[in-house]
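S.K.: Below is a structure I'd like to ask you about.
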Amino acid sequence: MTNRIGMEVSLMVSEAVKLANVDVIAAYPITPQTHIVEHLSELVADGELDAEYICVESEHSAMSACAGSSAAGARTYTATASQGLQLMSEILYAVAPMRLPVVMTVANRTVSAPLTIWNDHSDIMANRDCGWIMIFVENGQEDFDQTICAFRIAEDRRVLLPVIVNMDGFILSHVIEPFEPVDQKTVDSFLPPFDPIYTMHPDRPVTMGAFTMPEIFTETKMAHDVALRESEAVIKEVWEEWGKLTGRHYTAVEEYMTDDAATVFVTIGSFSELGMEVVDAMRQKGVKVGLVKIRLFRPFPTEDILSALTKFKNVLVIERFLALGGVCGPLAEQIKAAMYKLKDTPNIVDFVCGLSGRDVPPEEFFGMYETAINAIKDGTVKEFYLWGVRE
Amino acid sequence: MIDRYRVYAPNLTNQKENFAEGHRACQGCAEALAVRHVLKALGDDIVIANATGCMEIVSSPLPLTSWNVPWIHVAFENAAAVASGMNAGLKALMRKGRIPKKRIISVGMAGDGGTSDIGLQALSGALERQHKDFMYVCFDNEAYMNTGIQRSSSTPFGAATTTSPSGSKSIGQATWKKNMSRIAAAHNIPYVATACSSYPFDLQEKVKKAVALGGPSYIHVLSVCPTGWRIPSHLAIKYGRLAVATGVFPLYEVVHGKYRMTAHIDEKSEKRRPVVDYMKGQGRYRHLSEEHIEEIQKRVDKEYEELVKLTEL
């Protein structure tokens, strides 16, 4: 194992992509993803990474070029955020059912208007059902590890689905963190070259992306859905192998200090690290809270979430997306839906906060905790709380 | 002119049909014919990215396909970008020794809507990037035929479509046809040409030339649409020839920026036929008055003369 070094998290992602020895990168610059593709272009320019780098004229074309490249059998990567992801949206829905294992980093950022460049999850949640595997990371080390794992998961013949690794923009993408790199030999042993089943090549012609009639469309969707659901087992298998190789173990749902907890925070993305700090601080004050963090969002690890969350009395969901005109945030919504069939469910209180990168310091968690516990006591829990609004 | 070749035609062209029979194009579809000719000229070592449109719909109803060559459809506006990706992917894999080295042409194909409207940005990006072994073919039937004859920016002035209908206050399409070939040529690419399936050998020669010059190349093929143009289906070839003979759709090529009127069609010594010969009989122009046709004649004359001047540069 190599030593710990400090590096900007975006650059760690680029280094992971280099170690994965990608064949094609197609990218368009957008804040806060830019440092990733800038560094990749340097790696290509310096001959450290042997890949084709296509400077496309939009994110729509970035994902379109990725589709073409992946269809040709090349290991393909891109990164985007916010408006860029929205522009790609149409093609996201084409890439997944075509079973093209593209890997993409999304440096999560708010979707305007008003125009803002900072972080929340409105970009990815708007595309949550596009059929990609979606992983959320909480720190740089995890981002690095998950980027390598993403290629292995995506290209597994039992999966063959594209993967999005979500990192919180700025909050994670632009910070310098310590991490332990992995050497090329280890990555090579873990990640074999992409061996596609069908490719765009004249020696063996195939037709991809055909047009369907209603008589067969539902079956194609079912095939996609089954593949996505069944990928959960493969994802866990890949993570287990990575854990054995590096000592860094990942699970779909992770618990922190939950053994004796009555109340837990449920977090996703970089809130998870903050959440652990909060749990430590609250426990010092004698409040028995814990944390459940969700790493895998698609396929939604329903069983793992149920077995984790049903143990507690109160579940406080902390998420970064306001579902305009909806019932609650998407994370709480999924959890509530998953629990609907159960007889005894915990109290679920949803907090939407940190929109457009607004800082959510640890004290705010105390406030949310208090609000939730009081509302539960009074029986006045709302469907969700938009937290920290200035009146 | 094609009569000259009748006896020898089978020997002059690729016998293999990479666009298979049994597709679902309308009767008399000159676009299907154009695709067939383009594929004959391209040969086997190609990969195609096809935009959403007539050809995609008629040729790929799952689980059937009309394509004997690798073919992919992703969306409406991105044929050029998908072809760019295939081009880059194949290049990288060959360089890394993962697949054998071989010259493979990445071909983007789209209709006039998928090219001059929604696909223009992706096309411009691909041409600007100067991909080698990259070719783009626009099959121009002058409207969104597949969705029911709506106007595009390639619909000619005066043509009635379902979104530019003629009426007491409308002459139909009120703006002039976007000049896609000139726009493509402005990207300073090695080869740009116009072609028409009524002139199959000219079309095939242009495709071969585009391939020989390496790319990126752009070929704009006028593809007569009997359904949308409201003409009898057996007259598609005739109307293609009339489009050329009247100067409405001149055939030319631009090799490294140098314009040249091509082949046997409409050399300067020949007198162009009046546009009315082309327009009469087409239902989409039925409502036009003599004044309108005169206006169109003036515009066609002006554009034709401009083009001739370009060839003299």
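Heads up: the sequence lines are chains R and S, in that order.
Note that the working numbering numbers the first sequence so that position 316 is 322, with each residue one more than the last.
Note that the working numbering numbers the second sequence so that position 169 is 183, with each residue one more than the last.
Glycine included, each C-beta is placed from N, C-alpha and C at the ideal position.
1. Residue range of the beta strand (DSSP E) that serine 120 of chain S falls in?
2. Would you kindly report the start and end of the unbroken beta strand (DSSP E) that includes cysteine 152 of chain S?
3. Spatial neighbours of tyrosine 3 of chain S within its chain, please: C-beta separation below 6 Å, excluding the five flanking residues on both sides.
4. Three-state secondary structure (DSSP) at valine 258 of chain S?
5. Tell me, to the nearest whole angstrom, how far the beta carbon of alanine 95 of chain S is from that of serine 70 of chain R; I am working on the premise that it is less than 8 Å.
6. Give the residues from the segment 66-82 of chain S that approach chain R closer than 7 Å (Cβ to any Cβ), ordered along the chain.
7. CA-CA distance, aspartate 126 of chain S and isoleucine 163 of chain S?
8. Tell me, please, whether the CB atom of leucine 56 of chain S is closer than 7 Å to any CB atom in chain R?
9. Are the C-beta of phenylalanine 157 of chain R and some C-beta of chain S separated by less than 7 Å?
10. Which of the residues in the segment 191-222 of chain R, read from start to end, lie with their CB under 9 Å from any CB of chain S?
11. Considering only residues of the same chain and omitting the five flanking positions on each side of glutamine 39 of chain R, which have a CB-CB separation below 6 Å?
12. Which two residues bound the contiguous alpha helix (DSSP H) that contains valine 221 of chain S?
13. Taking only beta-carbon atoms, is valine 62 of chain R less than 7 Å away from chain S?
14. DSSP three-state call for glutamine 147 of chain R: helix, strand or coil?
15. Kindly list, in the order they appear in chain R, the residues whose Cβ is closer than 9 Å to that of glutamine 29 of chain S.
16. Quick one: is glutamine 296 of chain S buried, meaning 16 or more other Cβ sit within 10 Å of its Cβ, or exposed?
17. Is it buried or exposed, glutamate 369 of chain R, if we count other Cβ atoms within 10 angstroms and call 16 or more buried?
18. With a threshold of 7 Å between beta carbons, is proline 84 of chain S in contact with chain R?
19. If you draw a straight line from the alpha carbon of aspartate 280 of chain S to that of proline 264 of chain S, how long is it in whole angstroms?
20. Is it right to say phenylalanine 223 of chain R is buried, meaning 16 or more other beta carbons lie within 10 angstroms of its own, or is it exposed?
21. What are the boundary residues of the alpha helix (DSSP H) that arginine 289 of chain R is part of?
22. Is serine 303 of chain S helix, strand or coil by DSSP?
23. Quick one: is valine 23 of chain R buried, meaning 16 or more other Cβ sit within 10 Å of its Cβ, or exposed?
24. So, helix, strand or coil for tyrosine 68 of chain S, using DSSP?
25. Beta-carbon within less than 6 Å of cysteine 239 of chain S's beta-carbon, same chain only, minus the 5 sequence neighbours each way: which residues are those?
26. Counting only Cβ pairs nearer than 7 Å, list the residues of chain R close to isoleucine 197 of chain S.
27. Please return the same chain residues whose Cβ sits closer than 6 Å to the Cβ of histidine 255 of chain R, not counting the five positions on each side in sequence.
28. Whole beta strand (DSSP E) runs in the segment 245-274 of chain R with 3 or more residues, listed along the chain?
29. Just curious, the beta strand (DSSP E) that lysine 272 of chain S is in, first and last residue?
30. So, does the CB of serine 130 of chain S fall closer than 7 Å to a CB anywhere in chain R?
31. Whose Cβ in chain R lies nearer than 9 Å to the Cβ of glutamine 135 of chain S?
32. Tell me which residues of the segment 73-88 of chain R have at least one Cβ-Cβ distance to chain A shorter than 9 Å, keeping chain order.
33. If you draw a straight line from the C-alpha of tyrosine 299 of chain S to the C-alpha of serine 237 of chain S, how long is it?
34. With a Cβ-Cβ cutoff of 7 Å, do serine 90 of chain S and glycine 57 of chain S count as a contact?
35. Which chain S residues are close to alanine 32 of chain R, counting only those with a beta carbon under 9 Å from its beta carbon?
M.R.: Let's see:
1. Counting from one through the second sequence, the residue named residue 120 of chain S turns up at place 106. Note, serine 120 of chain S: beta strand (DSSP E), 119-125.
2. Counting from one through the second sequence, the residue named residue 152 of chain S turns up at place 138. Element bounds for cysteine 152 of chain S: 148-154.
3. Any property of residue 3 of chain S remains undetermined from this structure, which presents chain S solely from 15 to 327.
4. Here residue 258 of chain S corresponds to residue number 244 of the second sequence, with the count starting at 1. Note: valine 258 of chain S maps to helix in three-state DSSP.
5. In the second sequence, counting from the first residue as 1, residue 95 of chain S sits at position 81. In the first sequence, counting from the first residue as 1, residue 70 of chain R sits at position 64. Indeed, because the Cβ distance is near 4 Å, the residues count as touching under 8 Å.
6. Glu70, Ile71, Ser74, Pro75, Leu76, Thr79, Trp81, Asn82
7. Residue numbering aside, residue 126 of chain S sits at position 112 when the second sequence is read from its first letter. Residue numbering aside, residue 163 of chain S sits at position 149 when the second sequence is read from its first letter. One C-alpha to the other measures close to 12 Å.
8. Here the question's residue 56 of chain S lines up with position 42 in the second sequence. Not an interface residue.
9. Position 151 of the first sequence, counting from 1, holds the residue named residue 157 of chain R. No, phenylalanine 157 of chain R lies away from the interface with chain S (no Cβ there is under 7 Å from its Cβ).
10. Pro199, Phe200, Thr205, Met206, His207, Pro208, Asp209, Arg210, Pro211, Val212, Thr213, Met214, Gly215, Ala216, Phe217, Thr218, Met219, Ile222
11. To locate residue 39 of chain R, count along the first sequence from 1; it is residue 33. Ala85, Thr86, Ala87, Ala113.
12. As a first step, residue 221 of chain S must be located in the second sequence, where it is residue number 207. Looking at the DSSP string, the run of the alpha helix (DSSP H) that includes valine 221 of chain S is 214-226.
13. Counting from one through the first sequence, the residue named residue 62 of chain R turns up at place 56. Closer than 7 Å: yes.
14. Taking the first residue of the first sequence as position 1, residue 147 of chain R is located at position 141. Three-state DSSP puts glutamine 147 of chain R in a helix.
15. Mapped onto the second sequence, residue 29 of chain S falls at position 15. Chain R residues near glutamine 29 of chain S: none, gap ~18 Å exceeds 9 Å.
16. Residue numbering aside, residue 296 of chain S sits at position 282 when the second sequence is read from its first letter. When all chains shown are included, glutamine 296 of chain S counts as buried.
17. As a first step, residue 369 of chain R must be located in the first sequence, where it is residue number 363. Exposed, since its Cβ has fewer than 16 Cβ neighbours within 10 Å.
18. Taking the first residue of the second sequence as 1, we reach residue 84 of chain S at position 70. Closer than 7 Å: yes.
19. If you number the second sequence from 1, residue 280 of chain S lands on position 266. If you number the second sequence from 1, residue 264 of chain S lands on position 250. With a pLDDT of only 48 at aspartate 280 of chain S, under the threshold of 50, the placement of this residue in the model should not be trusted; the figure read from the coordinates follows. The alpha-carbon atoms of aspartate 280 of chain S and proline 264 of chain S are separated by roughly 8 Å.
20. Residue 223 of chain R sits at position 217 when you count from the first residue of the first sequence. Its Cβ having fewer than 16 others within 10 Å, phenylalanine 223 of chain R is exposed.
21. For this step, residue 289 of chain R is matched to residue 283 along the first sequence. Arginine 289 of chain R -> alpha helix (DSSP H) spans 277-290.
22. On the second sequence, position 289 is the one that residue 303 of chain S refers to. Note: serine 303 of chain S maps to coil in three-state DSSP.
23. Sequence index remark: in the first sequence, residue 23 of chain R carries index 17 (1-based). With 16 or more other Cβ atoms within 10 Å, it is buried.
24. Residue mapping note: residue 68 of chain S aligns to position 54 of the second sequence, counting from 1. Correcting the residue type first, residue 68 of chain S is cysteine in the shown sequence and not tyrosine. Cysteine 68 of chain S falls in the helix class under three-state DSSP.
25. Here residue 239 of chain S refers to the residue found at position 225 of the second sequence. So the list reads Asn155, Met159, once near-sequence residues are dropped.
26. The sequence position of residue 197 of chain S within the second sequence is 183, counting from 1. Those do not exist, as isoleucine 197 of chain S stays about 15 Å from chain R at its closest Cβ, beyond 7 Å.
27. Taking the first residue of the first sequence as 1, we reach residue 255 of chain R at position 249. Same-chain partners within the cutoff: Gly249.
28. 259-262, 269-274
29. Looking up residue 272 of chain S in the second sequence gives position 258. Lysine 272 of chain S -> beta strand (DSSP E) spans 272-275.
30. Indexing the second sequence from 1 puts residue 130 of chain S at position 116. Not one chain R Cβ lies under 7 Å of serine 130 of chain S.
31. Taking the second sequence and counting its residues from 1, the one referred to as residue 135 of chain S is at position 121. By Cβ distance, chain R contributes Glu63, Ser64, His66, Ser67.
32. Reference to chain A is not applicable here, since the protein chains of this structure are R and S.
33. Counting from one through the second sequence, the residue named residue 299 of chain S turns up at place 285. Counting from one through the second sequence, the residue named residue 237 of chain S turns up at place 223. Using only the alpha carbons, I get a separation of about 17 Å.
34. Counting from one through the second sequence, the residue named residue 90 of chain S turns up at place 76. Counting from one through the second sequence, the residue named residue 57 of chain S turns up at place 43. The question names serine, but residue 90 of chain S in the sequence shown is phenylalanine. Going by C-beta atoms, phenylalanine 90 of chain S is not nearer than 7 Å to glycine 57 of chain S.
35. Sequence index remark: in the first sequence, residue 32 of chain R carries index 26 (1-based). Those are Ala95, Ser98, Gly99, Ala102, listed as they occur along chain S.
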